[in-house]
Amino acid sequence: MEYRILGKTGLNISRLGFGGIPIQRIDAEGTKKLMHALLDAGVNYIDTARGYTVSEEYLGYALEGIREHFVLATKSMSRTKEAMAKDIDTSLHNLRTDYIDLYQVHNPSMAQLEQVLAPGGALEALLEAKAAGKIGHIGITAHSAEVFEKALGMDWVETVMFPYNIVENQGEKLIRACGEKNIGFVCMKPLAGGAIEDATLALRYICQNPDVTVVIPGMAEEMELAQNLSAVCNTAPLSPAEKAGILEVRSALGTQFCRRCNYCQPCAAGINISGVFLFEGYLSRYGLADWARSRYATLPVKASACLGCGACEDRCPYHLPIRQMLKKAAEKFGE
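When we follow my numbering, the leftmost residue of the sequence shown carries the number 725, and every step to the right adds one.
See below:
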């Protein structure tokens, strides 16, 4: 296993990390078995979130007795000081630990980021928790390149998590800037939310980028762990066949795939277009239908509200048929 220093944090972590979304599909005992397999394989970075329903609780149970061998990262969508402080304590309780190595602001919009930074915002709680030893380091996760770029200029940001894969490479320049600024880069969505079927090819592509500190595919089975280990530990240059395979994946997905750049916004009807497609991906590809539906239900305006004006399509740099895609999403979610 290759290990990297996670930017300013100084934490020594495995290049392959563990994404904690899919363990919602199994149970606490299955998670425990998987954690011991990670330990044996030398994988020491674990990512979860307050929003991943039972994920923190399963991990807390599974890590009893072996907690010290792992770097634990979680995150919260709270934007105020009071709510973030409460979430940090909940995470500590769920994970059955007295400290969390990395706590992240979970996917804020630009407006929400301003709320996080304002007096009484979530950053105050994070800094106080860090001073108290409850958390070791602070990071941010994003789906928006605008938020990513903004985060690079904030001195409290020690890590950034952002989607990066064969078909989502809009953040490459910003990922390079992470390396230049000694900010750890955590690669999420390595399989594009399950859209890329060849996990080995997907991980091999990502690990060719030296500015990617850690890649965190979601895993729920030891078979997935074995496959991902093999891919990440293979440091040979991409073969001609692999390069051809990458072009095939881009050809198949590139013209019908939302990269969540948000250039399509604002929607005249108020639809969070990229959010709809994000939850639709969880519904269709992750096998997390109940969770996807619950997250979709939080959207104040549903896909069915599309006016059909086409303004979003005019702004989309990838020329996606957004109106048609919203219609399909509305049919899948039933509203």
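Beta carbons are placed, not taken as given, at the ideal position from N, Cα and C, and that holds for glycine.
- Judged by pairs of C-beta atoms under 8 Å, the region 1038-1048 does not touch the region 963-977, as fewer than three such pairs exist.
- Taking all protein chains shown into account, N818 has 16 or more neighbouring C-beta atoms within 10 Å of its C-beta and is therefore buried.
- Nearest to C1036 by C-alpha distance, out of L841, P1045, P934, is P1045.
- K1056 and E1004 have their C-alpha atoms spaced approximately 8 Å apart.
- The beta carbon of L1007 lies closer than 8 Å to those of A1013, A1016, R1017, Y1020, K1056, F1057 in the same chain, with the five residues before and after it left out.
- In this structure, the beta-carbon distance from V795 to I737 falls below 8 Å.
- The C-beta distance from T798 to Y769 rounds to 12 Å, too long to meet the 8 Å contact threshold.
- For C1036, the enclosing alpha helix (DSSP H) starts and ends at 1035-1039.
- If you check the CB distance, G766 and N906 do not come in under 8 Å.
- Beyond the five residues adjoining it in sequence on each side, L841 comes within less than 7 Å, by CB distance, of L847 in the same chain, given in chain order.
- Non-local beta-carbon contacts of G857 in its own chain, meaning distances under 7 Å to residues more than five positions away in sequence, involve Y823 in chain order.
- With fewer than 16 other beta carbons inside 10 angstroms of its own, H793 counts as exposed.
- Spatial neighbours of L735 in its own chain (CB-CB distance under 6 Å, excluding positions within 5 residues in sequence) are listed in chain order as V795.
- When G741, A752, E904 are compared, the shortest CA-CA separation from C957 is found for G741.
- Between the alpha carbons of C988 and I997 lies a gap of roughly 8 Å.
- Here C1033 is exposed. Its C-beta has fewer than 16 other C-beta atoms within 10 Å.
- In terms of Cβ geometry, E788 and R820 form a close pair [threshold 8 Å].
- Residue nearest to M834 within the set G844, R803, V871 is V871 (criterion: CA-CA distance).
- According to the DSSP assignment, M885 belongs to the beta strand (DSSP E) that extends over 883-887.
- The criterion of a C-beta distance shorter than 8 Å is satisfied by R728 and T937.
- As summarised for the region 916-997, the continuous alpha helix (DSSP H) elements at least 4 residues long and confined to that stretch are 923-931, 946-957, 964-977, given in chain order.
- With fewer than 16 neighbouring CB atoms inside 10 Å of its own CB, T959 falls in the exposed class.
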